[in-house]
Each structure stands twice: as structure tokens, then as C-alpha cells.
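Q: For what it's worth, UniProt numbering labels the leading residue of the sequence shown as 1, then goes sequentially.
Positions of the beta carbon are idealized from the N, C-alpha and C atoms, including for glycine.
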Amino acid sequence: MGAVTYPARAVVDLSAIRSNVAALDERAGNAGVLAVVKADGYGHGLVPAALAALDGGAAWLGTAQLDEALELRAAGITAPVLCWLYAPGARFADALLADVDLSVGAPWMLGEILDAVRATGRTARLHVKVDTGLGRSGVMPRDLPDVLDAVLAAEAQGLCRMVGLWSHLAWADDPGHPTVRAQTQVFADAVALAESRGARLEVRHLANSAATLTDPSMHYDLVRPGLAVYGLSPVPHLGGPADYGLRPAMRLEAELALTKRVPAGHGVSYGHAYTTPRETVLGVVPIGYADGVPRHASGTAAAWGGPVQVGDRRLGVAGRVCMDQFVLDLGPWATEAAGDTVVLFGPGEHGEPTAQDWAEVVGTISYEIVTRVGARVPRVYLEERA
Ligand SMILES: *Cc1c(COP(=O)(O)O)cnc(C)c1O
1 MGAVTYPARA VVDLSAIRSN VAALDERAGN AGVLAVVKAD GYGHGLVPAA LAALDGGAAW
61 LGTAQLDEAL ELRAAGITAP VLCWLYAPGA RFADALLADV DLSVGAPWML GEILDAVRAT
121 GRTARLHVKV DTGLGRSGVM PRDLPDVLDA VLAAEAQGLC RMVGLWSHLA WADDPGHPTV
181 RAQTQVFADA VALAESRGAR LEVRHLANSA ATLTDPSMHY DLVRPGLAVY GLSPVPHLGG
241 PADYGLRPAM RLEAELALTK RVPAGHGVSY GHAYTTPRET VLGVVPIGYA DGVPRHASGT
301 AAAWGGPVQV GDRRLGVAGR VCMDQFVLDL GPWATEAAGD TVVLFGPGEH GEPTAQDWAE
361 VVGTISYEIV TRVGARVPRV YLEERA
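1) When you compare each of Ile365, Val377, Glu336, Ala301 to Asp324 by their alpha carbons, which one comes out closest?
2) Helix, strand or coil for residue 391? Go by DSSP, reduced to three states.
3) Between the alpha carbons of Ala10 and Glu253, how many angstroms are there, rounded?
4) When DSSP labels each residue in this structure, what does Met109 get in the three-state scheme?
5) Following a CB-centred definition, is Lys38 positioned closer than 7 Å to any heavy atom of ligand 1?
6) Give me the Cα-Cα distance between Ala359 and Val12, rounded to the nearest whole angstrom.
7) Where Gly29 and Leu213 are concerned, what is the direct C-alpha to C-alpha distance, given to the nearest angstrom?
8) Let me know the alpha helix (DSSP H) ranges lying completely inside the segment 171-251, each 4 residues or longer, listed in chain order.
9) Output the distance between the C-alpha atoms of Pro107 and Phe92, rounded to the nearest integer angstrom.
10) In terms of residue numbering, what span does the alpha helix (DSSP H) encompassing residue 388 cover?
11) When the distance is taken between beta carbons, is Val191 closer than 8 Å to Arg200?
12) Shorter than 7 Å, the distance from the beta carbon of Pro234 to the closest heavy atom of ligand 1, or not?
13) So for His296, helix, strand or coil by DSSP?
14) I want to check one thing, is the minimum distance from the CB of Ala156 to the heavy atoms of ligand 1 below 7 Å?
15) So, helix, strand or coil for Trp60, using DSSP?
16) Apply the 10 Å Cβ neighbour rule to Gly2 and answer buried if 16 or more other Cβ atoms are within range, or exposed otherwise.
17) Measuring straight from C-alpha to C-alpha, what distance separates Glu384 and Met250?
18) Sorry if obvious, but does the Cβ on Pro216 come closer than 7 Å to a heavy atom of ligand 1?
19) So Ala59 and Ala75 are in contact, right, with Cβ under 8 Å, and what is the actual spacing, rounded?
20) Between the Cα of Asp173 and the Cα atoms of Leu51, Arg295, Pro236, Asp55, which residue gives the shortest distance?
21) Just curious, the beta strand (DSSP E) that Thr280 is in, first and last residue?
22) Does Ala228 pass the burial test, meaning 16 or more other C-beta atoms within 10 Å, or should it be called exposed?
23) Just to confirm my understanding: we take Gly339, look at its own chain, exclude 5 residues before and 5 after, and list those with CB closer than 6 Å. What are they?
24) Can you name the start and end residues of the beta strand (DSSP E) that Trp358 belongs to?
25) I'd like to know if the segment 137-154 and the segment 97-107 are in contact, where contact means that at least 3 CB-CB pairs between them fall below 8 Å.
26) I need the boundaries of the beta strand (DSSP E) containing Arg91, first residue and last residue.
27) Tell me whether Arg372, by its Cβ, gets closer than 7 Å to a heavy atom of ligand 1.
28) Kindly indicate the opening and closing residues of the alpha helix (DSSP H) around Val147.
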């Protein structure tokens with residue numbers, strides 16, 4: 001398909017995803033791994049990432065959106081799938097018919113899910129989510145007794161199984177932060193409360209990538225890494241991927257659309273935010289903010305190194321990033337020509353910039369760099385399962 005003609009691509013090494021999950025599984029000890037594949041597998045492709053994660057030893061998969069959970073089922077994936085984010089009117093009946101485990105993160109969810117149980121005759125598998133301090137989804141601890149009683153009453157009627165109790169951390173990337181301990185304590189109390197009220201939990205789960213990598217006391221029965229599955233470090237200030245046995249799975253590259261010699265003083269791209277300081281060669285990279293190249297990377301040509309690899313050089317963006325393209329100042333002695341490949345980011349093993357480098361250039365996190373790669377950028381898979 002487009003992979004043949006589109007002048008840019010995200011090359012995804014599925015063997016990296018497999019080995020990352022195997023490393024996480026090893027680190028998780030007795031806990032299983034739920035590989036989070038939300039947001040199109042963090043931009044890597046939902047189904048290929050999910051299959052690679054399962055091959056690497058993931059026992060579960062997780063998505064935020066129900067549509068993504070259903071897409072996994074449509075692809076024939078039978079592993080347990082947990083889904084956790086919806087608004088009223090969500091397709092709970094479809095979720096039940098597809099054997100998707102559902103989170104109960106607010107009292108209204110239980111009501112709608114039980115309506116869907118009655119409509120389909122299928123028993124729901126539920127994970128009650130408690131807000132231990134993130135302040136996002138989840139039942140507040142003061143409401144937990146009522147929600148537990150309602151879920152367990154429905155279980156007694158055969159309408160559902162309370163499979164899990166779970167929560168999510170606010171500061172896991174700063175393992176010493178006092179909120180981490182506080183959330184862990186609230187979670188332990190919630191587990192004790194649920195069990196004292198008669199819950200027979202299969203899985204208690206709390207740890208995202210950062211907690212999986214840094215704190216075995218958080219592993220419980222299941223860990224829920226996302227970013228680390230794709231080989232990026234959730235704690236770059238503590239260690240890079242290699243320090244945790246991980247390898248970034250995505251390489252974003254593009255072919256130069258053209259190169260041309262221009263005189264000194266030539267304005268470059270919208271608003272002429274860059275002007276050539278001398279006669280030089282410009283190169284046009286045919287990928288822009290519509291493809292996920294951050295517009296905030298505009299004007300990084302003067303930055304040391306820079307986040308684009310051209311041959312063995314590292315360059316920044318000359319002038320503004322446009323919707324479909326940006327420009328490099330290749331220098332007066334450039335030998336590059338149209339068709340030559342430039343690398344925006346990759347594993348970093350061959351001197352190329354990484355998603356983490358881009359995150360630092362634009363003041364964000366590597367999560368955003370990989371997930372924002374646009375849908376029109378073809379994903380090309382290495383080591384695809386036969
Ligand atoms: C995204 C997400 C994860 C994975 O987080 P990472 O930091 O990418 O490991 C785990 N649990 C929940 C609820 C999430 O939303």
C-alpha cells in the first residue's frame with residue numbers, strides 16, 4: 001500500500017516489542033504482564049503490537065477505548081483484554097459479547113454494564129478501579145464500600161464476576177515521591193476492604209511502566225506497562241532503555257524531497273524564521289506537523305547537534321515546521337541528494353536521535369512523540385509473525 005510511495009515511514013521492529021515484554025515479564029516475577037496497547041499501540045500499530053506483546057509473554061492486553069479492545073477481538077486475539085475508559089452510552093453489550101473485561105471507575109458504569117448483561121445474557125468480568133490519589137478515573141475511597149457492595153450483590157445474582165481491583169499512580173516516575181507510598185497504602189486498604197466484603201479477586205494491579213521497572217512492591221498480580229513495551233524509558237532521569245533491558249521499537253525516517261543551493265540571506269519556510277547565514281544547500285524533508293513532527297521543533301537548526309540524522313551528522317530544523325514538510329540547512333558542502341533517507345528518531349544505537357531527544361527538544365515526554373506520529377505515515381513492520 002502507501003508504504004511504497006509515501007516518502008516517510010515508521011519502521012516498527014516487532015522483535016524489540018517481544019524482547020521488551022519478555023524483559024518486563026522477567027522483572028515482574030510472579031506477576032503477569034498486561035501490555036497496554038492503547039492509542040494504536042502507542043503509535044506502533046494496535047494489532048501488530050498486541051501480537052508481538054503476546055509472543056513476548058504478555059498474559060493480558062489493555063486499552064483505554066472500547067473500540068480498540070473490540071478491534072483486538074476482531075483480529076482474532078483471544079487473550080484477556082481489559083478496557084477502562086468510556087462515556088455513557090458506550091457499547092457495553094458489544095464488549096460483553098466479545099469477552100472484554102471492563103473497569104468500573106464510576107458508579108454509573110456499573111448500572112449501564114448490568115443493563116448490557118441483562119440484554120445479552122453474558123456475565124460481565126469487572127475490575128473495580130479505585131482513585132488512590134491520581135484524581136482521574138476511579139471510585140473515591142469513601143464511595144468504594146457502596147460500589148463494592150453493589151458489584152458483589154450483582155455477582156451473587158450471577159450477573160458479573162468481580163475479577164479485579166486496580167488503581168493508577170500519579171508520580172510513579174519519581175519513585176521516592178511521598179504520594180507513591182500514600183497511594184500504595186490506600187490501595188492496600190482497598191484490597192483488604194474488598195476481600196473483607198467477600199471479593200474473590202483474580203488480579204490486583206497498580207504498576208505502570210515506571211513502577212514495574214523501579215518498585216517490585218507494586219507488582220501485585222499483574223503489571224500494566226505501556227511505554228516500556230515499546231522500549232522507551234518512563235524514567236529518563238534515572239536510566240535509559242538499555243539500563244532496563246529495553247530497546248526502542250520505532251524508527252521514524254523520511255526521504256529528502258529535494259536539495260538545492262541557495263545564496264546567503266535566503267529566508268527559509270513560513271515567516272522566514274531562519275535566514276541562511278551563508279550560501280548553502282537546503283534539503284526538504286517531506287513530513288510535517290500533520291505527520292506528528294512537533295511544530296515546536298521549529299528553529300532548532302542552531303541547537304547543538306539537533307534531532308535529525310543526515311548521514312553521520314545531526315541537524316536541527318531550519319525555520320518553521322510546516323504541515324507536510326520541514327527544511328534542513330545541509331551546509332555548503334552537502335553531498336546529499338533527493339531520495340536520501342534522513343532519520344528523525346530511532347533506537348539510538350547508531351548515533352541517531354531518539355524519541356527522548358525529540359521530547360527534550362520540544363519540552364514533552366517520549367510518550368507524546370511516538371503516539372503523535374500521524375495515521376497517514378505508513379507503519380512498516382520488521383519481524384512480523386508469519
Ligand atoms: C496508559 C496507562 C498505563 C501504562 O502507562 P505507562 O506509563 O505507559 O506504562 C497503565 N495503566 C493505565 C490505567 C493507563 O492509562
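A: The short version:
1) Here the question's residue 324 lines up with position 324 in the sequence shown. Of the listed residues, the one whose Cα sits closest to Asp324 is Val377.
2) This structure leaves residue 391 out entirely; the chain is present only between 1 and 386.
3) Taking the first residue of the sequence shown as position 1, residue 10 is located at position 10. Taking the first residue of the sequence shown as position 1, residue 253 is located at position 253. Approximately 7 Å between the Cα atoms of the pair.
4) For this step, residue 109 is matched to residue 109 along the sequence shown. In this structure, Met109 counts as helix in the three-state DSSP scheme.
5) As a position in the sequence shown, residue 38 is number 38, starting the count at 1. At least one heavy atom of ligand 1 is nearer than 7 Å to the Cβ of Lys38, so yes.
6) Numbered from its first residue, the sequence shown carries residue 359 at position 359. Numbered from its first residue, the sequence shown carries residue 12 at position 12. Each residue's alpha carbon lies about 19 Å from the other.
7) Taking the sequence shown and counting its residues from 1, one reaches residue 29 at position 29. Taking the sequence shown and counting its residues from 1, one reaches residue 213 at position 213. Going from the Cα of Gly29 to the Cα of Leu213 covers about 12 Å.
8) 178-196, 209-214
9) The residue given as residue 107 occupies position 107 in the sequence shown. The residue given as residue 92 occupies position 92 in the sequence shown. So the alpha carbons of these two residues sit roughly 15 Å apart.
10) It is not possible to answer for residue 388, since the shown part of the chain is limited to 1 through 386.
11) As a first step, residue 200 is located in the sequence shown; it is residue number 200 there, counting from the start. As a first step, residue 191 is located in the sequence shown; it is residue number 191 there, counting from the start. Contact flag unset, no.
12) Taking the first residue of the sequence shown as position 1, residue 234 is located at position 234. Under cutoff, so the answer is yes.
13) In the sequence shown, counting from the first residue as 1, residue 296 sits at position 296. His296: helix per DSSP, three-state reduction.
14) Against the sequence shown, residue 156 aligns to sequence position 156. Not so, every heavy atom of ligand 1 lies at least 7 Å from the Cβ.
15) Within the sequence shown, numbered from 1, the residue matching residue 60 stands at position 60. Reduced to three states, the DSSP call for Trp60 is strand.
16) As a position in the sequence shown, residue 2 is number 2, starting the count at 1. Only weak support is given to the placement of Gly2: the predicted model assigns it a pLDDT of 46, under 50, and the value that follows is read from those uncertain coordinates. Exposed, by the Cβ-count rule.
17) The sequence position of residue 384 within the sequence shown is 384, counting from 1. The sequence position of residue 250 within the sequence shown is 250, counting from 1. Going from the Cα of Glu384 to the Cα of Met250 covers about 14 Å.
18) Translated into the one-based positions of the sequence shown, residue 216 becomes position 216. Because no heavy atom of ligand 1 lies under 7 Å away, the Cβ of Pro216 does not count as near it: no.
19) Locating residue 59 in the sequence shown gives position 59, where the first residue counts as 1. Locating residue 75 in the sequence shown gives position 75, where the first residue counts as 1. About 18 Å separates the two Cβ atoms, so there is no contact after all.
20) Looking up residue 173 in the sequence shown gives position 173. Checked all of Leu51, Arg295, Pro236, Asp55; the closest Cα to Asp173 is Pro236.
21) Counting from one through the sequence shown, the residue named residue 280 turns up at place 280. Per DSSP, Thr280 belongs to the beta strand (DSSP E) from 280-285.
22) In the sequence shown, the residue the question calls residue 228 occupies position 228. By the neighbour-count rule (16 or more Cβ atoms within 10 Å), Ala228 is buried.
23) Against the sequence shown, residue 339 aligns to sequence position 339. Once the five neighbours on either side are set aside, the close Cβ partners of Gly339 are Glu255.
24) As a working mapping, residue 358 is identified with position 358 in the sequence shown. Looking at the DSSP string, Trp358 is not in any beta strand (DSSP E); the run it does join, the alpha helix (DSSP H), is 355-362.
25) yes
26) As a position in the sequence shown, residue 91 is number 91, starting the count at 1. Segment: none, Arg91 is in no beta strand (DSSP E) and carries neither H nor E.
27) As a position in the sequence shown, residue 372 is number 372, starting the count at 1. Result no, Cβ not under 7 Å from ligand 1.
28) As a position in the sequence shown, residue 147 is number 147, starting the count at 1. Run containing Val147: 144-156, per the alpha helix (DSSP H) assignment.
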